[in-house]
Structures are given as C-alpha cells and as structure tokens.
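Student: I have a structure I would like to understand better, so I am pasting it below and will then ask my questions one at a time.
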Amino acid sequence: MQMLIKNARLRTGEGLFDLAIDGGVIKAVGANLQVAAQTVIDAGGALVTPSLIDPHIHLDKVNIFDSVRKNVSGTLKEAIEIIWEKKPLYTVDDVVKRASDVVYRELKNGTLNIRSHVDIDTIGGLKPLEGVVALKEKFKGLVDIDLIAFPQEGIIKDAGCDKLMWEAMENGCTIVGGMPANENSPEDSLAHVKLCFDIAEKYDADIDMHVDESDDPFYRTLEMIADETIRRGYYGRVTAGHTCALAAYDDHYASYVIEKVARAKMNIITNPVTNLMLQGRLDKQPIRRGITRVKELLAAGVTVSFGQDCVKDTFYPYGSGDMLQVANITAHAAQMSLPHEIEKVYDMITFDAAKILRLENYGIAEGCKANLVIINAADARDAIRLEPERLYVIREGRVVAKTVVNTEFAV
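Quick note on the numbering used here: the sequence shown kicks off at 1 and runs consecutively.
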C-alpha cells in the first residue's frame, strides 16, 4: 500500500480505525488492518476527516490592508471604493505574492479545495484574473483553485464589463459570478442576471453570484435568480453568496423566497466573518447580526456552506485562512450549539461544500480520494472550539503539510 493511517478517530463509528490507501485512493477502512505500506502514520486517536473546503474567497484582494487607505466608515460601500484606487496598480507578481500567503495558510490548515471570486471590470481589466491564474498554476497538485468571473462593479452600469465577462471565461474562469444588486434599477439587475445565465449556458458553467449583500429589505435579486434558475432548468448549479437582505425581509416574504430557493435547488453560501463586520454599521441597538437565515434555509432542505471570504483587505482586516476559525464564528453567529447543529457546521466545510463544488469521490470510504486532514482533536466539536493543529494534510495519499506540536510548561 501507498499509505496506512492507524488509530484514527472518525466522525462516525465507535473506537479507532485504520485507513489503507493506494494509488491516491482509500482502499479499506477498518479496525487493525494488517497491511504493509510505504508510509505509516499513527494518528494516535486524533480526528481524521476529509480535507476542508473554502467555497468563497477573493484571492485577488487578500493582504492589501496595509497598502491602502483605511475604511473609516467600515462599510461595504467604502471598501469597494478603496479597491478602485488599488486595482489599477495590480501586477501578476503582486497578486501571486499576496495570495500565496493565504493559500499556504489554507493548505496548512487542511483546505485542499478553494473557490475564488476574481474581479472582472473596466477598472482592473483582466489583470486580477491573470494573477490568480498564475497562482492556480503555482499550487497545481497541492490545492485545487476554481475561479469565478465576478463583476463587482455591475455589468450594465460598468460599460464594457459584459465583453470582459465573456473574455474571462476564455482565460481561466470556469464559473460565472454576478452582483445583480449593484445596478441602477431592478430592470438592470434582471438584465444582469439574464446575461450571467446566458454566459453560463454557453460554457456549460455553474453560477455563483454575490446576492443582496445589504441590510436593505428592498434588495430583491435573490428571488430574481431563483426564478431564472427555474425558468432555465438550471437546477443544482446556482449558488447565492451572502444573501444578507434575506434576514431583513419580513418573515412572510422570507419564507416565500426560501421556498423558491429550495425549489430551484440553489445553494447558499453565508460569510459571517465579513458580514458580522460590515452589516448593521448604521444600527444603534439592537445591532443586526448581518448574516442570512441559516437555520431556516437548512430546515427548507437548502444546501448551505460558508467561506473565509476576505483576508486583510478593505472589507475585513482579519482572517487567517483557517476554515475551523470560520466555523467557530459561524456557529456563534448562527447560534448552532446543539449536538446535531455542531455536526452540521462541520458538514458545511466538508460534505456540503463538496456538493456545491460538485466534487467526485469525496469522503472517507472505500473508493474515495485520499484527501484527508488529521486534526489534533477528539471530535468535530473540539475541532471547532479549539481550532487545533492540523497534524497532517494528505492529498491523494501524499503528505503535503505537517505540523509538529511541542509545548512545554514550566511547573
């Protein structure tokens, strides 16, 4: 065998298990497997799960916080305006250097799949995309990075962006993004949505849009997207990120829209680390939480995940590329504390995110790819609450990151 992991604690089943791996694939899972292997790892009772997934980040923007003027209002609007000044100065080397820091952190922390939005607009042209395409090539064989063409400045109101969106799909993007609420009228928002679907159909691509990232209950593009998904039969291939306005809707309209989202088989990605920071900025008390209706979406059968979103940029000055840290914040923000809810939080960055990314052969079972993380914890709850060391990160049966723990106390 290529590798044998012994004494692993899994999320399901009592006791400890061994995993036999060959050809990058899990060949057997069981207690006390008697097989020879080139590499033997004793997990020592540590938790072993499939590798983590970050389904929503902006790698072209990370780590610019210290090189731009500060967001003194703390709002989404000002964060975008500051980017206008920075984006024309991007170079490929600059993007690769800034983003490599984050990808290495994600790798160290057990993430092997990343979905990144990349700004496509007339301010930066395709320069951000060139940088992230070079980044993707740099990490080939270590971390899989999928790229989304993201028209943050709008498509209709940013004349020329429509052409760039088509070009982006020819130059490295495989997913169509959108931000339909950032247009000048509902009619333009609908035109934005329809163009994104046109592009997606042309390239047989999935869609992943930023949707209604606002406190304003009159932002209504989530319903537009659900309607268009149903109209075109694009079931299971459309993801809506943020959807903050859903939390601002009255309960009647919110339930109406959630039913449509579920019927369209859409996915939702919430980004609490950023939206807790940006939303409700003009509130006094009580200050709104700023994230979407996670529990209600889950109750309706909608697949929900969450992402790192931002790292040290104009939107969010924090972020460490650690999906367990994001899981901890999500659990608090969405008030997911019951035993089954804790397990669901962990599912969101593993199996649920894998469903959104449409990954094949993902998991811990015979025939699955041996993309695994060994975590210095006993269970999912401890992994989320302690954010402990990822002792080994394994890609297709090969160790790609290792962390040695050596703490000494003076007693």
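Each residue gets a CB set at the ideal place from its N, CA and C atoms; glycine is no exception.
Since the structure is predicted, the reported quantities are computational estimates derived from the model, not experimental observations.
#1: Starting from the Cα of residue 84, find the closest Cα among 152, 18 and 140 and give me that residue.
#2: May I ask you to report which of helix, strand or coil DSSP gives residue 315?
#3: Are the region 160-174 and the region 131-150 touching, with three or more C-beta to C-beta distances below 8 angstroms?
#4: So which of 370, 256 and 246 has the shortest CA-CA distance to residue 269?
#5: Roughly how many whole angstroms lie between the Cα atoms of residue 252 and residue 91?
#6: Considering only residues of the same chain and omitting the five flanking positions on each side of residue 300, which have a CB-CB separation below 8 angstroms?
#7: If we ignore side chains and look at the alpha-carbon of each, how far apart do residue 335 and residue 294 end up?
#8: Leaving out the 5 sequence neighbours to the left and right, which residues in its chain are closer than 8 angstroms to residue 38 when beta-carbon positions are compared?
#9: What residue range does the beta strand (DSSP E) around residue 413 cover?
#10: Straight-line CA distance for residue 68 to residue 309?
#11: Can you list, in chain order, the residues of its chain whose CB lies under 8 angstroms from that of residue 303, leaving out five sequence neighbours each side?
#12: Per DSSP, residue 395 is paired with what?
#13: Contact defined as beta carbons within less than 8 angstroms: I believe residue 208 pairs with residue 115. What is the distance between those atoms, to the nearest angstrom?
#14: Which residue from 113, 72, 62 and 33 puts its Cα closest to that of residue 360?
#15: Here's the rule I'm using: 16 or more other beta-carbon atoms within 10 Å means buried, otherwise exposed. How should residue 202 be labelled?
#16: Just mark residue 420 as buried or exposed, buried being the case when its beta carbon has 16 or more other beta carbons within 10 Å.
#17: Pick out the complete alpha helix (DSSP H) segments inside the region 10-89, 4 residues or longer, and give them in chain order.
#18: Smallest Cα separation from residue 232: which of 204, 186, 250 and 197?
#19: Would you call residue 279 buried or exposed, if buried means 16 or more other Cβ atoms sit within 10 Å of its Cβ?
#20: Can you check DSSP and say which residues form a bridge with residue 113?
#21: What three-state label does DSSP hand residue 288 in the structure shown?
Tutor: Reading from the atomic positions:
#1: Among 152, 18 and 140, the Cα nearest to that of residue 84 is on 152.
#2: When secondary structure is reduced to three states using DSSP, residue 315 falls in the coil class, being assigned neither helix nor strand.
#3: The region 160-174, when compared against the region 131-150, does touch it at the 8 angstroms Cβ threshold.
#4: Measuring C-alpha to C-alpha distances from residue 269 to each of 370, 256 and 246 identifies 246 as the nearest.
#5: Residue 252 and residue 91: Cα-Cα distance of roughly 48 angstroms.
#6: For residue 300, where only same-chain residues beyond five positions count, the Cβ hits under 8 angstroms are 258, 259, 261 and 262.
#7: Our two residues, residue 335 and residue 294, have alpha carbons roughly 9 angstroms apart in a direct line.
#8: Hits under 8 angstroms: 1, 2 and 3.
#9: Outside the displayed range of the chain (1 to 411) lies residue 413, so it cannot be described from this structure.
#10: Roughly 19 angstroms separates the two Cα atoms.
#11: Here the set comprises 267, 268, 352, 355 and 356.
#12: BP columns for residue 395 point to 398.
#13: That pair is a contact at about 7 angstroms.
#14: Ranking the options by Cα distance to residue 360, first place goes to 113.
#15: Exposed is the call here.
#16: No answer is possible for residue 420: the residues shown for the chain start at 1 and end at 411.
#17: You should have 76-86.
#18: Ranking the options by Cα distance to residue 232, first place goes to 197.
#19: Buried.
#20: Note: residue 113 sits in a beta bridge opposite 53 and 144.
#21: Three-state result, residue 288: coil.
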